[in-house]
Structure formats: structure tokens, C-alpha cells
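Colleague: Could you have a look at this structure, given as C-alpha cells, before my questions?
Numbering (this note's numbering), first residue to last: 822 to 1226.
What follows is the structure, encoded as C-alpha cells:
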């Protein structure tokens, strides 16, 4: 069977696809990964075959500022109750959706041309690569969407989340002779059921499998041996921050407070503050009693699979959603990064509160109990190999599959 994967970005977008693509290859199927030129090297480092799918304008490389900084109250179930959001919040979501449509427009011509030449029988794309649905519709084959670990399926391709398709996407679908209402027949969801919000879309649960490339961009080994566990009587936590600017001062205050009480803090990403990187998160979590991070899907799922309580300090709306859902399970605590802005004096007070939240994760047994329950749930989900078996038995049956697989 020929399976065409596609995404527009490396990092979490590509990482979500790699375990399934490798499972298809291991089962003897043909796999190609269609990406813009800037992503080809990352695909090759993952051991997969990249093929070209357009060139993205540089302006599309970062989210619009309004999408990064939307403020206001975001209820824990806002994706399924879009009516509770205000105009500014809907504007932020629309800006992000329009950006993803622009990315699809930049990719569509090259992606559809390659798909018509190679003739895949199935197209798998990450949740924000709308060009994958366009290509599948142009060929008349099933499209399957791969979620990243968000606790909800965010329908940013629709007006106000639940309305008709965004105008730009509808025009793009018509350009290739497709019904504008066409959408993926199935979504692959690595989110444990107790975290996930319900939705009408058909979702197939697939266990989260951590992915790491053994090589960095220069082709050199990107990590060393697994870090030894903490010494006798020592408590270790992990702090991860993805934004290049580094964590807010309040987060730094909280981490320094933890170290002042003898806690060993392992810093990853920009939280390393100039120190050498410690290694991939899932390799650092064994031996940790808690993890502080921004609420990205991969970090949420890595901590869930490891059974580690989470303190989530979330800057963006989808990260706040993940944090709120983790808190509802009892496996962690959540704070919006909006609350951490302000003067140095305010940062000290906010940092002290974050430190108290962090110490609660370390001292209250209920967080550990809930995190271990979440771990068992996450590990019991079927793996990528099971998804391959379901998707390849009869691809045409994907459209006929019942709502609950």
C-alpha cells in the first residue's frame, strides 16, 4: 500500500507522524513524506523519505502575534462551547486558522501534483496541514488526520470553530474540484480518554510513542547517555520551556526557590538558561518527581506516559486547555502565563505562588496517585502497529467505520 504523509513544519508537527510512518514501513508498506523544502532534512533524519511540497513564505513561519497573546478567560471546555468565547478570542483563533489556510495554499499545488503522480491510497496529515485533505479529495482517497496530543480537536478550519469552512479553505478545495465541506474521515488521537474532550468527529485512539532523532541538524549525535537518577534522599524535577525568549521571571523565581530547598532541577529547552541541553524530555522524566512545562501536547503526553505530576504554566490558548484538563484529572496543576506578567515585585510574588504549587506536587500523595492512574490509561492504548492494521485492511472502509472504533 502507498501511504503519503504530509506536514508543513518539523518539531511537534513532524514528530507526531513519525511513529505511525515507521509502523507502516515496518509492515511492508511504501511511505513518502511530503513537506516544504525547509523540512526535508528533518524527515530524512527520522529515517523517512521526503518529497517536495511547495515553499512556505518566510512570513508564515511564526504564529501571528494576536494568536500568541490572546487574553481573557478560556474555559476548560471552550473547543466544544465556542459560544463562551468573546470577539478577541475568536479573532485570535481565526488568525491562526487563516495562517494554516495560507500554508495549505502554498503547499497545495506541489502536493497535489506529486500525489497525482505517485497515486497514494491513503493520505495522513497532521492536524494543521489542511493541504493533506485537499490532496486526498483531489485524488478521491481517504484522508486521516493525526492529532498532536491536544485534549481537544481544534477545528480552526471552521468559522467560529463550529461553522462552515473558512472562506480561503473553501476556495482552495473548489480549485481542485473538491467539496468544500470535505474533511478527514478519521482522526488518530494519542490523548488518553480521561484528558480528551468529547467531539462528534470519529477518532481512533493510538498510544503516544516518544520520538527522538539520534542526530542534530549537523549530523552529530544529539544526546549522550541517560542521566543517572538522583542521589539518595534527593528530589529531582524537570523544567521545560520551548519559547526562545526563555521562561518568565516568575518561573525562574520558582525554580530557584526549589533549588534553595535542595531540589535538583533538570532544565531543558530555553529553561536551560545557557546550560548544555539535558536531552529529550522522555529520557529525563524517569526519576523525576514533577515536571514544569508550557502545556504542549508532546510534553503533556510524555509526562502522562511516565506517570509524573505536571505543573503547567501555559501562554497560549491550546496550552491552557491542556493544563486545565490535566488539573481536572488531579495529575497536576495549571496556571495561565498571563498571570505572571508585571513588575519584578509582582514576579517575585507570582514565583512564590508557583513554588508553592510545585511543592504541593512533591508533597501531596494525591497528585502521584492520579498521575500513575493516567500513566496506566495512556500505556493501555493501542500502539501505532494496531492503527496500521486498522487502516490497511480495507482503506475504503475508513469512510464507513463507526463513530467509536
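The C-beta atom is built at its ideal place from N, Cα and C for all residues, glycine as well.
Can you give the Cα-Cα distance for residue 911 and residue 1082, rounded to whole angstroms?
Modeller: Within the chain shown, numbered from 1, the residue matching residue 911 stands at position 90. Within the chain shown, numbered from 1, the residue matching residue 1082 stands at position 261. One C-alpha to the other measures close to 43 Å.
Colleague: Apply the 10 Å Cβ neighbour rule to residue 973 and answer buried if 16 or more other Cβ atoms are within range, or exposed otherwise.
Modeller: Position 152 of the chain shown, counting from 1, holds the residue named residue 973. When all chains shown are included, residue 973 counts as buried.
Colleague: Starting from the Cα of residue 1112, find the closest Cα among 1153, 1073 and 1015 and give me that residue.
Modeller: For this step, residue 1112 is matched to residue 291 along the chain shown. Answer by Cα proximity: 1153.
Colleague: So for residue 1041, helix, strand or coil by DSSP?
Modeller: The sequence position of residue 1041 within the chain shown is 220, counting from 1. With a pLDDT of 40 at residue 1041, under the threshold of 50, the predicted position of this residue should be treated as unreliable, though the coordinate-derived value follows. Three-state DSSP puts residue 1041 in coil, outside helix and strand.
Colleague: Going by DSSP in three states, residue 962 sits in which element: helix, strand or coil?
Modeller: Along the chain shown, one-based indexing puts residue 962 at 141. It is coil, neither helix nor strand.
Colleague: Determine the burial state of residue 926: buried for a count of at least 16 other Cβ atoms within 10 Å of its Cβ, exposed for fewer.
Modeller: Numbered from its first residue, the chain shown carries residue 926 at position 105. Classification of residue 926: buried, given that the 10 Å Cβ count is 16 or more.
Colleague: When DSSP labels each residue in this structure, what does residue 826 get in the three-state scheme?
Modeller: Translated into the one-based positions of the chain shown, residue 826 becomes position 5. DSSP places residue 826 in strand when its eight states are reduced to three.
Colleague: Which residue wins for smallest C-alpha separation from residue 874, given the options 905, 956 and 900?
Modeller: Here the question's residue 874 lines up with position 53 in the chain shown. When only C-alpha atoms are compared, the closest one is 956.
Colleague: Rounded to whole angstroms, what's the CA-CA distance from residue 1027 to residue 1010? Just pull it up for me.
Modeller: What you label residue 1027 is simply residue 206 of the chain shown in a count that begins at 1. What you label residue 1010 is simply residue 189 of the chain shown in a count that begins at 1. Going from the Cα of residue 1027 to the Cα of residue 1010 covers about 6 Å.
Colleague: On a Cα-Cα basis, can you pick out the residue from 1072, 1179 and 1093 that is closest to residue 1167?
Modeller: As a first step, residue 1167 must be located in the chain shown, where it is residue number 346. Checking every option, the nearest Cα to that of residue 1167 belongs to 1072.
Colleague: In three-state DSSP terms, what is residue 871?
Modeller: As a position in the chain shown, residue 871 is number 50, starting the count at 1. Of the three classes helix, strand and coil, the one that applies to residue 871 here is strand, per DSSP.
Colleague: If contacts are defined as beta-carbon pairs under 8 Å, then residue 1079 and residue 1058 qualify, I think. What distance do you get, rounded to the angstrom?
Modeller: One-based indexing of the chain shown puts residue 1079 at position 258. One-based indexing of the chain shown puts residue 1058 at position 237. So it is a contact: roughly 6 Å between Cβ atoms.
Colleague: Taking DSSP's pairing of strands, which residues face residue 1113 in a bridge?
Modeller: As a first step, residue 1113 must be located in the chain shown, where it is residue number 292. For residue 1113, which the question treats as bridged, DSSP gives the partners 1060 and 1132.
Colleague: Please state the DSSP three-state secondary structure of residue 850.
Modeller: Locating residue 850 in the chain shown gives position 29, where the first residue counts as 1. Reduced to three states, the DSSP call for residue 850 is coil.
Colleague: Would you mind sorting residue 940 into buried or exposed? The rule is 16 or more other CB atoms within 10 Å of its CB.
Modeller: The sequence position of residue 940 within the chain shown is 119, counting from 1. Exposed, because fewer than 16 other Cβ atoms sit within 10 Å of the Cβ of residue 940.
Colleague: Within the chosen definition, does the segment 1178-1193 reach the segment 1124-1140 through at least 3 CB pairs nearer than 8 Å?
Modeller: Short answer: they touch.
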